[in-house]
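Below: the structure, in structure tokens.
Protein chains: 2
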Amino acid sequence: MPSHKPQAGLHPPAAGSLDERARRVLSAIVRDYIQGGEPVGSHAIARRPDVDVSSATVRAVMADLEDLGFLEKPHTSAGRVPTSRGYRYYVDALLRLKPPLPEEREEIERQAHEAASHVENMMAAGARVLHSLTRHAGVVAAPRPQAERLSRVEFLQLREGRVLAILISRSGAVRNRVLSLQRPLSPSELTQAANYLNSLVTDLTLAEALAKVKSEQLRDLAELGALKAHALSLGAQVVQIEGAQVRIEGQASLLDDKGIANDLVKIRALVQALEGKDQLLQVLDRTLVAEELQIFIGAESGIVEPDLAIVAAPYRLKGEVVGALGVIGPTRMDYSRIAPLVELTARTIGLALDEG
Amino acid sequence: MPSHKPQAGLHPPAAGSLDERARRVLSAIVRDYIQGGEPVGSHAIARRPDVDVSSATVRAVMADLEDLGFLEKPHTSAGRVPTSRGYRYYVDALLRLKPPLPEEREEIERQAHEAASHVENMMAAGARVLHSLTRHAGVVAAPRPQAERLSRVEFLQLREGRVLAILISRSGAVRNRVLSLQRPLSPSELTQAANYLNSLVTDLTLAEALAKVKSEQLRDLAELGALKAHALSLGAQVVQIEGAQVRIEGQASLLDDKGIANDLVKIRALVQALEGKDQLLQVLDRTLVAEELQIFIGAESGIVEPDLAIVAAPYRLKGEVVGALGVIGPTRMDYSRIAPLVELTARTIGLALDEG
DNA sequence: CGGCGCACTGTATCCCGGGGAGCGCAGGGC
DNA sequence: GCCCTGCGCTCCCCGGGATACAGTGCGCCG
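Residue numbers (this note's numbering), protein chains in the order written: chain W, 1212 to 1567; chain U, 1212 to 1567.
In structure tokens, the structure reads:
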């Protein structure tokens, strides 16, 4: 399994520093807490067949784990709860992934294929299927324009002084924007301008296209005609079409988590954070850069709420990473089941996009 | 002021049946409750200069109003709280509108003008300004395709067997959709098809355009060439492009209301209801049909949460109603201030769209 | 070194009683 | 006849105290 660490280990105690017994205890606590959601006591752990020591010994181990920052207790005399650091260790070193069930596979594939022709449908379907299979919030970021390769640029004359610029990407995504012209162009001039731009930017990513247009702009200003200069300035505007939408499904399920449910302040912060989707987008972007499945736990995600975790995976179009999707849930979500589901969904959606 | 009733009065006691004193008391109670948010007692009302009777008399009047269904008490021996019916009467018969402040006007106009060129920006700006001025959730429905008049249809060849259809409306809204062709068309055939369609549907609303295309399809099938038939079948698909988005800003503010804040079940239901925007869209649609400002109180809105009210107004493009926007808040929101704000925002956005 | 049991501590829940807000009703004045 | 005053009653809210409970920490023992 590839490393899930979005951040390199920051603390001195190295990952391998726990002995076998401590690892078993930590693993048991995390799984217990994920399943039950309540602070877990030494007795419950001692009863487990794979630990098999007395509760007093467990308590001793727990005290050590607490010193190391893997566990904490809500109050003096309560059971222990994993900290973000505890989850981190669990995810990095202890996690055993469970492959998705056949019916889950089928569900993902059905949804992906029904919706693949249209990018927006795809996003909605992806978010929906992640939500319904995990009962947490499913989230899909639109293919990044920066990473997408352009297929074509078109201009349509609207009315005096305004053109509609249309960007068609290789994935079939379409973006458009209304531009204002400094001086009117005739239809044939507009066609020429479009042809010229297409000759420059076809098959480039948006980022590359922008760079290309800028460099041409510098070089050609003197040497080329006014028309081409004008075309380039339009091109510079076109390429900056903003995109990057995020689709969320099932945010209501986030409110079910016990850690949040009773705290109005947290609920508010959460709803607000999800409403402005910027933070979310940043997290998904990090996944996009990493190019492999990422698990963000607590504060790592940058989302205000510290009891939230995000499992995200990039999806590919013709081999290139173009977007990311994932699941947002409480830190105590079932990583062993959800990580493979997210990974599978990303892969399946990538395949569907390739065909669509 | 035009009637705000979305439903005709259902109960026998006619609107005018309250005498002057009862109306004053009801009005005072509603305003008091809107301001303070707590059940209001007879003493508080009796102290008001515009009522000026003893608290015992107020209590008697209150008892009558309670029998009529305008008030209720959360429990025996608490103050009274208006029912939906009470708000309804208040809004219909007692409400005194307060014109927006100059700075509110300016804010609305600034936002509307900055964003008018692009429909999506306009929606975002409208929702934002309504949210920021009212501190409740602002909501804007996209111009309805059914009501919008078409400016033009364009086709762009994508790759073998697929075309991108683009619908440009008079308001500058652009919608697109990828269509599959039964048989490939050459570029010139495509242009011809587009020209033919444009000659049919320009300046029609989407609904009219659909009817027109259908009728042409029947008539011309035998008489016209295969190309035109093909064009018509494309046209039929194009016109069915779905749209109708809703933009919400500030849903987090809905959680601040005292009636909801402490009830997790309600919060969940609310978040869920807003996530699927269908219900909201239906409410705004009703406003669109009514063609004037509407106030929906409690259950009238069809939104699950009974303690919510919606103030909505249609906005116009060149005189024709094309969309609706409004504010969602607790039933105890300040209607006298918010209704004029919503109305003004709708009008201002309409004007901005006309120019844009 | 691991296991056992006891004392300690903090939480949650219930019950109880006092205080207070507000109502309904009866009786009296203009 | 209308409206005000006064009084008793009901119900909520709040704080305190008792109880039950879960789980730890630690000393002691094999």
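Glycine included, C-beta positions come from ideal geometry on N, C-alpha and C.
Pairwise C-alpha distance: U/Gly-1290 and U/Asp-1565
The residue you call residue 1565 of chain U lines up with position 354 of the second sequence. The residue you call residue 1290 of chain U lines up with position 79 of the second sequence. Straight-line Cα distance between these residues: approximately 50 Å.
What does the alpha-carbon distance come out to for the pair W/Leu-1276 and U/Leu-1492?
Reading the first sequence from its first residue, position 65 is the one you call residue 1276 of chain W. Reading the second sequence from its first residue, position 281 is the one you call residue 1492 of chain U. Whole-angstrom Cα-Cα distance: 53 Å.
What are the residues that DSSP puts in a beta bridge with W/Phe-1366?
For the purposes of this step, residue 1366 of chain W is taken as residue 155 along the first sequence, with counting starting at 1. Per DSSP, W/Ala-1376.
With DSSP as the reference, identify every bridge partner of W/Arg-1527, one or two as the case may be.
Taking the first sequence and counting its residues from 1, the one referred to as residue 1527 of chain W is at position 316. The partner list for W/Arg-1527 (beta bridge, DSSP) reads W/Val-1532.
Report back the beta-carbon spacing between U/Ser-1397 and U/Arg-1373 to the nearest angstrom; my notes put them in contact at under 8 Å.
The residue labelled residue 1397 of chain U in the question sits at position 186 within the second sequence. The residue labelled residue 1373 of chain U in the question sits at position 162 within the second sequence. That belief does not hold up - the Cβ atoms of U/Ser-1397 and U/Arg-1373 are roughly 14 Å apart, past 8 Å.
Starting from U/Val-1482, find everything on chain W with Cβ-Cβ shorter than 8 Å and list it in chain order.
Indexing the second sequence from 1 puts residue 1482 of chain U at position 271. Identification of chain W residues near U/Val-1482 by a Cβ-Cβ cut-off of 8 Å yields Gln-1462, Ala-1463, Leu-1466 and Val-1482, ordered along the chain.
Counted within 10 angstroms of its Cβ, other Cβ atoms place W/Arg-1242 as buried (16 or more) or exposed:
The sequence position of residue 1242 of chain W within the first sequence is 31, counting from 1. By the neighbour-count rule (16 or more Cβ atoms within 10 Å), W/Arg-1242 is buried.
When DSSP labels each residue in this structure, what does U/Val-1262 get in the three-state scheme?
As a working mapping, residue 1262 of chain U is identified with position 51 in the second sequence. Secondary structure at U/Val-1262: coil, using DSSP grouped into helix, strand and coil.
U/Arg-1234 versus U/Arg-1548 - alpha carbon distance:
Your numbering for residue 1234 of chain U matches position 23 in the second sequence. Your numbering for residue 1548 of chain U matches position 337 in the second sequence. Distance between the alpha carbons of U/Arg-1234 and U/Arg-1548 is about 20 Å.
So, are the CB atoms of U/Gly-1534 and U/Val-1350 less than 8 Å apart?
Taking the first residue of the second sequence as position 1, residue 1534 of chain U is located at position 323. Taking the first residue of the second sequence as position 1, residue 1350 of chain U is located at position 139. Between U/Gly-1534 and U/Val-1350, the C-beta spacing is not below 8 Å.
7 Å Cβ shell around U/Leu-1306 - same chain, five flanking residues per side excluded
One-based indexing of the second sequence puts residue 1306 of chain U at position 95. Same-chain partners within the cutoff: Tyr-1546 and Ser-1547.
Which residues, taken in chain order from the segment 1348-1370 of chain W, show a beta carbon closer than 9 Å to some beta carbon of chain U?
The segment 1348-1370 of chain W vs chain U, Cβ under 9 Å: Ser-1362, Arg-1363, Glu-1365, Leu-1367, Leu-1369 and Arg-1370.
My output table needs one value for W/Gly-1487: the three-state DSSP class, helix, strand or coil.
For the purposes of this step, residue 1487 of chain W is taken as the residue at position 276 of the first sequence. Of the three classes helix, strand and coil, the one that applies to W/Gly-1487 here is coil, per DSSP.
Give me the subset of the segment 1484-1509 of chain W whose CB atoms are less than 7 Å from a CB atom of chain U, sorted by chain position.
Those residues of the segment 1484-1509 of chain W that come within reach of chain U (Cβ to Cβ, closer than 7 Å) are Glu-1486.
Is it buried or exposed for W/Asp-1278, if we count other Cβ within 10 angstroms and need 16 for buried?
Locating residue 1278 of chain W in the first sequence gives position 67, counting from the first residue. Of the residues assessed, W/Asp-1278 falls on the exposed side of the cut-off, its CB having fewer than 16 other CB atoms within 10 angstroms.
Residue of W/Gln-1322, W/His-1254 and W/Ala-1348 minimising C-alpha distance to W/Gly-1561:
Stepping through the first sequence from its first residue, residue 1561 of chain W is reached at position 350. W/Gly-1561 has its Cα closest to that of W/Gln-1322, out of W/Gln-1322, W/His-1254 and W/Ala-1348.
Taking the straight line between their C-alpha atoms, what separation do you get for W/Arg-1363 and U/Val-1457?
Here residue 1363 of chain W refers to the residue found at position 152 of the first sequence. Here residue 1457 of chain U refers to the residue found at position 246 of the second sequence. Between the alpha carbons of W/Arg-1363 and U/Val-1457 lies a gap of roughly 30 Å.
Contact check, U/Leu-1495 vs U/Ala-1352 under 8 Å by CB: the rounded distance?
In the second sequence, counting from the first residue as 1, residue 1495 of chain U sits at position 284. In the second sequence, counting from the first residue as 1, residue 1352 of chain U sits at position 141. Contact between U/Leu-1495 and U/Ala-1352 holds: their C-beta atoms lie close to 4 Å from each other, under 8 Å.
Less than 8 Å between CB atoms is the rule here; does W/Ile-1539 satisfy it with respect to chain U?
By one-based count along the first sequence, residue 1539 of chain W stands at place 328. For W/Ile-1539, the answer is no, since every Cβ of chain U falls outside 8 Å of its Cβ.
Where the segment 1378-1391 of chain W meets chain U: residues whose CB sits under 9 Å from a CB there
Here the close residues are Ile-1379, Gly-1383, Val-1385, Asn-1387, Arg-1388, Val-1389 and Ser-1391.
Quick check on U/Gly-1513: does DSSP put it in helix, strand or coil?
The residue labelled residue 1513 of chain U in the question sits at position 302 within the second sequence. Three-state DSSP puts U/Gly-1513 in coil, outside helix and strand.
Cβ of U/Leu-1536 less than 8 Å from any chain W Cβ?
The sequence position of residue 1536 of chain U within the second sequence is 325, counting from 1. It does not; no Cβ of chain W falls within 8 Å.
For W/Ile-1506 and W/Ser-1512, I'd like the C-alpha separation in whole angstroms.
As a working mapping, residue 1506 of chain W is identified with position 295 in the first sequence. As a working mapping, residue 1512 of chain W is identified with position 301 in the first sequence. Going by the C-alpha atoms only, they are around 9 Å apart.
Proximity winner among U/Met-1544, U/Arg-1381, U/Ile-1521 and U/Pro-1525, relative to U/Glu-1554 (alpha-carbon distances)
Position 343 of the second sequence, counting from 1, holds the residue named residue 1554 of chain U. Looking at U/Met-1544, U/Arg-1381, U/Ile-1521 and U/Pro-1525, the one whose alpha-carbon comes closest to that of U/Glu-1554 is U/Pro-1525.
What would DSSP say about U/Gly-1247, mapped onto helix, strand or coil?
For the purposes of this step, residue 1247 of chain U is identified with residue 36 of the second sequence, where counting begins at 1. The answer is helix: DSSP assigns U/Gly-1247 an H, G or I state.
Suppose the cutoff is 8 Å on Cβ atoms and the five residues either side in sequence are ignored; what does the same chain contact list for U/Asp-1261 look like?
For the purposes of this step, residue 1261 of chain U is taken as the residue at position 50 of the second sequence. Around U/Asp-1261: Arg-1235 and Ala-1239.
Whole alpha helix (DSSP H) elements within the segment 1297-1342 of chain W, 4-residue minimum
Counting only runs of at least 4 residues, the segment 1297-1342 of chain W fully encloses the following alpha helix (DSSP H) elements, listed from N- to C-terminal order: 1313-1326.
Should W/Ile-1514 be flagged as near chain U, meaning a C-beta pair shorter than 8 Å?
Residue numbering aside, residue 1514 of chain W sits at position 303 when the first sequence is read from its first letter. So, not an interface residue.
Residue range of the unbroken beta strand (DSSP E) whose run includes U/Leu-1229:
Position 18 of the second sequence, counting from 1, holds the residue named residue 1229 of chain U. Neither: U/Leu-1229 is in no beta strand (DSSP E) and is coded neither H nor E.
Short of 7 Å Cβ to Cβ, which residues in the segment 1548-1563 of chain U face chain W?
Near chain W, meaning a CB-to-CB distance below 7 Å, no residue of the segment 1548-1563 of chain U qualifies.
Using a Cβ cut-off of 7 Å, pull out every chain U residue sitting near W/Ile-1478, in sequence order please.
Counted from its first residue, the first sequence places residue 1478 of chain W at position 267. By Cβ distance, chain U contributes Leu-1466 and Ile-1478.
Anyone know if the C-beta pair for U/Leu-1375 and U/Val-1385 falls short of 8 Å?
Translated into the one-based positions of the second sequence, residue 1375 of chain U becomes position 164. Translated into the one-based positions of the second sequence, residue 1385 of chain U becomes position 174. The criterion of a C-beta distance shorter than 8 Å is not satisfied by U/Leu-1375 and U/Val-1385.
Less than 8 Å separating the beta-carbons of W/Ile-1521 and W/Gln-1490?
Translated into positions along the first sequence, residue 1521 of chain W becomes position 310. Translated into positions along the first sequence, residue 1490 of chain W becomes position 279. Using a Cβ distance threshold of 8 Å, W/Ile-1521 and W/Gln-1490 do not count as a contacting pair.
With a cut-off of 8 Å, does the C-beta of W/Leu-1429 fall near any C-beta of chain U?
For the purposes of this step, residue 1429 of chain W is taken as residue 218 along the first sequence, with counting starting at 1. Using a CB distance cut-off of 8 Å, W/Leu-1429 does not count as an interface residue toward chain U.
What does DSSP give as the partner residues of W/Phe-1507 in its beta bridges?
Residue 1507 of chain W sits at position 296 when you count from the first residue of the first sequence. Answer is W/Ile-1521, bridged to W/Phe-1507.
Count the other C-beta atoms from every protein chain shown that fall within 10 angstroms of the C-beta of W/Pro-1285, then say buried if there are 16 or more, exposed otherwise.
As a position in the first sequence, residue 1285 of chain W is number 74, starting the count at 1. Result: exposed.
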